[in-house]
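Peer 1: Take 10 as the starting number for the sequence shown in our numbering and just add one per residue. Glycine included, every Cβ here is placed at the ideal spot set by N, Cα and C. Before I ask anything, let me first share the structure, which is written out below as structure tokens.
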Amino acid sequence: MWKKSEVSDQTATGQVGIKKKSKVPGVMITQFIDEIPEGKSHPDFIRKPIALTIQEGKLAIFKAIVVGDPVPNVTWARNNGDISDPQKYQTKFDPNSGEHTIEMPNISPDQADTYKCFATNEFGKAMVTVMLNVIEVGFKKNKANQKSSDKVRPKTEARKDGEIDPKFWEILLSADKKDYERICAEYGVTDFRWMLKKLNEMKREREQEQAEFVKSISNLKHIDVNPDGSASFELDLNLLDASSRIFIYKDGEIIPYSQDLEMEMKHNLNQVGKKYIFTIRDLVPDDAGLYQLDVEDVSVFSTEFKLPMVDFLVKLKEVKAMEREDAIFECVLSKPLSKIMWVGKNNRLEQGDKYDITVSEDKLIHRLLVKDCMQVDKGIYAAVAGIKSNNAWLIVEADNYLDTKGKKKPRKTTQRPPSILVPLKFHSPPRGFQLYMTCAVRGFPTPHVAWYLNNVCINSNNSYYITNAYGVCSMYIIRVGPEHSGEYKVVAVNSFGKAECSTNLKVRGM
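And the structure:
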């Protein structure tokens, strides 16, 4: 199980004085005298320690930076117990950074508590509290909240399709309505009306549970990969009690996290006002799964993180363009993917007036068109698919041409002869089987593509189904026979040149 900290009265006892307000929320200041001499000041925090949820056996660290004249003396304490054991508690001060720390190596569940940091000088005392939660090794959500898990499991005897994974309901409870159909298809749920009825019942039950701790939940953003390579989800959460604890689960198992962005932990939960942002660093395939955010023992938000296992067969290449020209980046994936993320100079790029983002019919070739290039557009552009990424430079060359009126020439699009990105491959299907042959070409203007069998054009032959979309040239035969054997060739032509590729088809069983 996990061990929660216990919250006690946060007012320093035995101290009488004037209460002062700190610029840092959560800091309580007591001034000992009515007027402080000029040039002197009572203590205050400019950085307060951040609440921490950490796994048993790890190193827990609280950090604080204080100010005041004279320089305050900093001490630490905990609500339920002492910190005198040097094996468990080590206080340090870094004179270079001005940082006071208390370190707890090999943390154990009995150290979960509310900790206090005091800064004191002759003119006053500043105090702040911080919570430490410790997760016992092997703790899982279903052990702590079996009752809650039972609520999301439908009655299997009422469904002819059999038992439905509880994960299905958790995902639906936080999903957008537009995603219901897709989620049902993924989990094999075909009775949409039954699903909606059951889901509405579960939403009412969940809202009643949440009402004990939460005023409102809004602005849900599901987990997604960020331009910097991390992944995050976020939501606005208005709590009834600001001291309520927040826990994060992955596939039912509680995970440790830090609320200090400067701590190099795998998981971080950052709070800005009512907004909570959970971030995962250094992504690996094992980070995929169902993430859930709970307030105390009540589920609030669930989001599924999928990491497609794809690679880049053809990577981005450096692109040079003159000012006012368009620039095109292209890549080819090892597996079909309907959408990838494009990043320009560390910012996510979206379809719009400046960028045109397209994907081929077979979802293998992805293209980014940067329109009307200017000097400000030069830099590094990247394509991100799952945990894989690659990048290349866009070099924008200055156009020094001026017309008779002193104006630069109008925008023009990038012009290039055709080229073969992915050539045709050899095929040897059995007689009577279907065949799908494809290659990828590029060029600007868009090349005209013709297919040939033994040097005879087959574009208008009804025996073949031929398409050419977004640079992917495909040819489909329903049932191959002896007449389909031979050399196939694709020829791409535009006003700037020609490119071709070929392969042989050998039908087996003839």
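1) Sort Ala128, Lys67 and Ser50 by Cα distance to Ala86 and report the nearest one.
2) What's the call for Gln217, buried or exposed, on a 16-neighbour Cβ count within 10 Å?
3) Span of the alpha helix (DSSP H) holding Leu181?
4) Of the residues Asp245, Gly298, Val281 and Ile475, which one's Cα is nearest the Cα of Glu262?
5) So which of Ser308, Leu61 and Phe435 has the shortest CA-CA distance to Ile226?
6) Cβ of Asp291 within 8 Å of Cβ of Lys315?
7) Exposed or buried, which one is Met113 when buried takes at least 16 other CB atoms within 10 Å?
8) Let me know if Gln301 comes out buried or exposed under the rule of 16 or more other beta-carbons within 10 Å of its beta-carbon.
9) Using the C-alpha atoms, what's the distance from Lys380 back to Glu334?
10) For the alpha helix (DSSP H) that contains Arg191, what are its first and last residues?
11) Would you mind stating whether Asn247 and Val223 have Cβ atoms separated by less than 8 Å?
12) On the CB-based measure, 16 or more other CB atoms within 10 Å of its CB, does Gly506 come out buried or exposed?
13) Quick one: Cα of Asn503 to Cα of Asp295, how far?
14) Report yes or no: do the region 87-98 and the region 43-52 share at least 3 C-beta pairs separated by less than 8 Å?
15) Would you list, in sequence order, the uninterrupted alpha helix (DSSP H) runs of no fewer than 4 residues that lie entirely inside the region 87-129?
16) What are the residues that DSSP puts in a beta bridge with Val137?
17) Just confirm the distance between the C-beta atoms of Thr312 and Ile232, as a whole number of angstroms; I'd bet it's less than 8 Å.
18) Quick check: the Cα distance between Tyr98 and Glu108, rounded to an integer number of angstroms?
19) Can you tell me which residues form a DSSP beta bridge with Tyr485?
20) Quick check on Ser17: does DSSP put it in helix, strand or coil?
21) State the beta-bridge partners of Trp402 as determined by DSSP.
22) Among residues of its own chain, excluding the 5 on either side of Gln155, which ones have a beta-carbon nearer than 6 Å to its beta-carbon?
23) Using the beta-carbon count (16 or more within 10 Å), is Asp170 buried or exposed?
24) If you draw a straight line from the alpha carbon of Met484 to that of Lys434, how long is it in whole angstroms?
25) According to DSSP, simplified to helix, strand and coil, what is Phe222?
26) Excluding the five sequence neighbours on either side, which residues of its own chain have a C-beta within less than 6 Å of the C-beta of Phe321, listed in chain order?
27) Starting from the C-beta of Val36, find all residues in its chain whose C-beta is less than 8 Å away, skip the five residues before and the five after it, and write them out in chain order.
28) Grouping DSSP H, G and I as helix and E and B as strand, with all else coil, what is Leu68?
29) Does at least one heavy atom of the ligand COA sit under 7 Å from the Cβ of Val431?
30) Any idea what DSSP makes of Leu358, helix, strand or coil?
31) Where does Pro491 sit, in a helix, a strand or coil, going by DSSP?
32) What are the partner residues of Thr512, as DSSP defines its beta bridges?
33) Using only the alpha-carbon positions, how far apart do Asp365 and Trp460 sit?
34) May I have the straight-line CA-CA distance separating Cys510 from Ile429, to the nearest angstrom?
35) What span of residues does the beta strand (DSSP E) with Val36 cover, start to end?
36) In terms of alpha-carbon separation, which member of Ser239, Cys382, Asp174 and Leu205 lies closest to Lys187?
Peer 2: Per the coordinate set shown:
1) Of Ala128, Lys67 and Ser50, the residue nearest in Cα terms is Ala128.
2) It is exposed - the Cβ of Gln217 has fewer than 16 other Cβ atoms within 10 Å.
3) Its alpha helix (DSSP H) spans residues Pro175 to Leu182.
4) Nearest C-alpha to Glu262: Gly298.
5) Ile226 has its Cα closest to that of Ser308, out of Ser308, Leu61 and Phe435.
6) Result no, Cβ atoms of Asp291 and Lys315 do not sit closer than 8 Å.
7) Classification for Met113: buried.
8) Buried is the call here.
9) If you take the alpha carbons of Glu334 and Lys380, they lie about 7 Å apart.
10) Here the alpha helix (DSSP H) through Arg191 covers Tyr189 to Glu195.
11) Against a cut-off of 8 Å, the Cβ pair of Val223 and Asn247 comes out as a contact.
12) Note on Gly506: under 16 other CB atoms within 10 angstroms of its CB, so exposed under the neighbour-count rule.
13) Whole-angstrom Cα-Cα distance: 46 Å.
14) At 8 Å Cβ cutoff, the stretches do not touch.
15) Taking 4 residues as the shortest admissible run, the region 87-129 contains no complete alpha helix (DSSP H) segment at all.
16) The partner list for Val137 (beta bridge, DSSP) reads Cys126.
17) Contact holds; Cβ gap of about 5 Å.
18) Approximately 16 Å, taken between the alpha carbons.
19) Tyr485 is bridged to Tyr445 and Tyr474.
20) Any answer about Ser17 is weak, because its pLDDT of 36 lies below 50 and its placement is not dependable; what the coordinates show is given next. Looking at Ser17 - three-state DSSP - the assignment turns out to be coil, as it is neither helix nor strand.
21) In the DSSP output, where bridge partners are listed per residue, Trp402 has Ile389.
22) For Gln155, the predicted structure reports a pLDDT of 45, less than 50, and the residue's modelled location is therefore unreliable. A value from the coordinates is still provided. The answer is none, since no qualifying residue turns up.
23) Reliability of the predicted coordinates at Asp170 is poor, the pLDDT of 45 falling under 50, and no value is obtained from them.
24) Taking the straight line from one Cα to the other gives about 12 Å.
25) In this structure, Phe222 counts as coil in the three-state DSSP scheme.
26) So the list reads Cys340 and Asn399, once near-sequence residues are dropped.
27) Around Val36, the same chain offers Asp53, Phe54, Lys57, Ala135, Met136 and Val137 as residues with beta carbons nearer than 8 Å, after the five sequence neighbours per side are excluded.
28) In the three-state scheme derived from DSSP, where H, G and I count as helix and E and B as strand, Leu68 is classed as coil.
29) The ligand COA is absent from the structure shown, which contains no ligand whatsoever.
30) Correct three-state label for Leu358: coil.
31) Per DSSP, reduced to three states, the secondary structure at Pro491 is helical.
32) The partner list for Thr512 (beta bridge, DSSP) reads Tyr497.
33) Roughly 28 Å separates the two Cα atoms.
34) Between Cys510 and Ile429, the C-alpha separation is close to 7 Å.
35) Premise fails: Val36 is in no beta strand (DSSP E) and is neither H nor E.
36) Distances from the alpha-carbon of Lys187 to those of Ser239, Cys382, Asp174 and Leu205 put Leu205 closest.
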